Amino acid sequence: MPGPQLACLGCLGIARHLAVLLVRGRADRSRAETIQLVVDRLVEIGVPELIRRVLFEMERLPVVDIHPLEVMARLVDARHDLLSDVAWGEVILNKRALLDQVFRVGEVIDVWVPLNAKLKAFAIEGGGGAPGYCFAPGPPARYTLELESPGVFDLLVRAEIRKKHYLDRASVRVDRESA
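For what it's worth, our numbering labels the leading residue of the sequence shown as 15, then goes sequentially.
This is the structure in structure tokens:
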């Protein structure tokens with residue numbers, strides 16, 4: 015469904031339609047092509063406030079494979095003018111330490127964020143074959159992450175800091191045995 019027709023569905027209808035497209039699109043497209051297809055539909059809509067509301071609404075819907083945060087990240091990279099209140103920023107404060115260390119499967123991983131950050135969304139970017147994870151608030155300015163599969167995982171977060179939304183990425187390496 016082209017963007018102008020899609021816009022007639024309203025925020026909830028668009029969010030549901032695009033969420034279904036994220037799932038069904040994977041049947042005959044690569045992950046990157048599916049994300050780009052959804053980004054293209056959002057660009058066709060062309061109304062920044064509606065696009066923003068749709069993406070935030072999509073985050074509330076069940077996720078099967080592709081998280082709406084991945085769509086948001088691609089859209090910010092391609093057309094920042096359509097999401098002017100969302101930008102890349104420093105949200106994960108210990109990203110260098112996360113990358114330098116090798117964690118064990120099931121080990122609690124501390125993710126540090128600014129004290130005034132409200133984490134709004136979290137995704138394992140690129141899928142990762144359903145690694146099984148638990149991401150939860152910890153002490154102030156900390157979140158905890160546990161991964162149940164070995165591998166290198168790219169984390170993607172969205173946080174609100176002083177009424178502005180920031181995206182950030184970090185990578186973690188998980189092995190069955192500690193390094």
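All residues carry an ideal CB built from backbone N, CA and C; glycine is no exception.
Here the structure is a predicted model, which means the values were calculated and not measured.
Just to confirm before moving on: does the CB-CB distance between residue 131 and residue 173 stay below 7 Å?
Position 117 of the sequence shown, counted from the first residue, corresponds to residue 131. Position 159 of the sequence shown, counted from the first residue, corresponds to residue 173. Yes.
Bridge-paired residues (DSSP) for residue 140
Sequence index remark: in the sequence shown, residue 140 carries index 126 (1-based). None; residue 140 has no bridge partner.
Cβ contact check for the region 74-82 and the region 147-155: 3 or more pairs under 8 Å
Because the criterion of three Cβ pairs below 8 Å is not met, the region 74-82 and the region 147-155 do not touch.
By Cβ distance below 6 Å, which residues in the same chain neighbour residue 108 in space, the five residues on each side in sequence not counted?
To locate residue 108, count along the sequence shown from 1; it is residue 94. Non-local C-beta neighbours of residue 108 in its own chain, meaning closer than 6 Å and more than five positions away in sequence, comprise 126, ordered along the chain.
Could you check what DSSP says for residue 151 in three-state terms: helix, strand or coil?
Taking the first residue of the sequence shown as 1, we reach residue 151 at position 137. Residue 151: strand per DSSP, three-state reduction.
Three-state secondary structure assigned by DSSP to residue 174:
Position 160 of the sequence shown, counted from the start, is the residue given in the question as residue 174. Strand at residue 174.
Report the rounded CA-to-CA distance for residue 67 versus residue 47, giving the unit in angstroms.
Within the sequence shown, the letter at position 53 stands for residue 67. Within the sequence shown, the letter at position 33 stands for residue 47. In this model, residue 67 and residue 47 are separated by some 23 Å (Cα to Cα).
Going by C-alpha to C-alpha distance, which of 114, 65, 128, 191 sits closest to residue 98?
As a working note, residue 98 is residue 84 in the sequence shown. Closest option to residue 98, Cα to Cα, is 65.
Straight-line gap, residue 158 to residue 72 (C-alpha atoms, nearest Å):
Here residue 158 corresponds to residue number 144 of the sequence shown, with the count starting at 1. Here residue 72 corresponds to residue number 58 of the sequence shown, with the count starting at 1. In this structure, the CA atom of residue 158 is about 24 Å from the CA atom of residue 72.
Residues in the same chain with beta-carbon distance under 6 Å from residue 21, minus the five sequence neighbours each way, listed in chain order, please.
Within the sequence shown, the letter at position 7 stands for residue 21. Only 59 meet the Cβ criterion.
Which of the three DSSP states is assigned to residue 95 in this structure?
Indexing the sequence shown from 1 puts residue 95 at position 81. In this structure, residue 95 counts as helix in the three-state DSSP scheme.
Proximal residues to residue 123 (C-beta, below 8 Å), its chain only, five neighbours per side dropped:
Indexing the sequence shown from 1 puts residue 123 at position 109. Excluding five sequence positions before and after residue 123, the CB atoms of its chain that fall closer than 8 Å to its own CB belong to 112, 117, 158, 159, 160, 161, 186, given in chain order.
Provide the residue(s) that pair with residue 134 in DSSP beta bridges, ordered along the chain.
For the purposes of this step, residue 134 is identified with residue 120 of the sequence shown, where counting begins at 1. Partner(s): none; residue 134 has no beta bridge.
Delimiting residues of the beta strand (DSSP E) encompassing residue 125
Taking the first residue of the sequence shown as 1, we reach residue 125 at position 111. That run of the beta strand (DSSP E) goes 123-126.
Which parts of the region 43-126 are runs of the beta strand (DSSP E), unbroken and 3 residues or longer, counting only runs that do not cross its ends?
Within the region 43-126, the complete beta strand (DSSP E) runs of at least 3 residues are 100-102, 116-118, 123-126.
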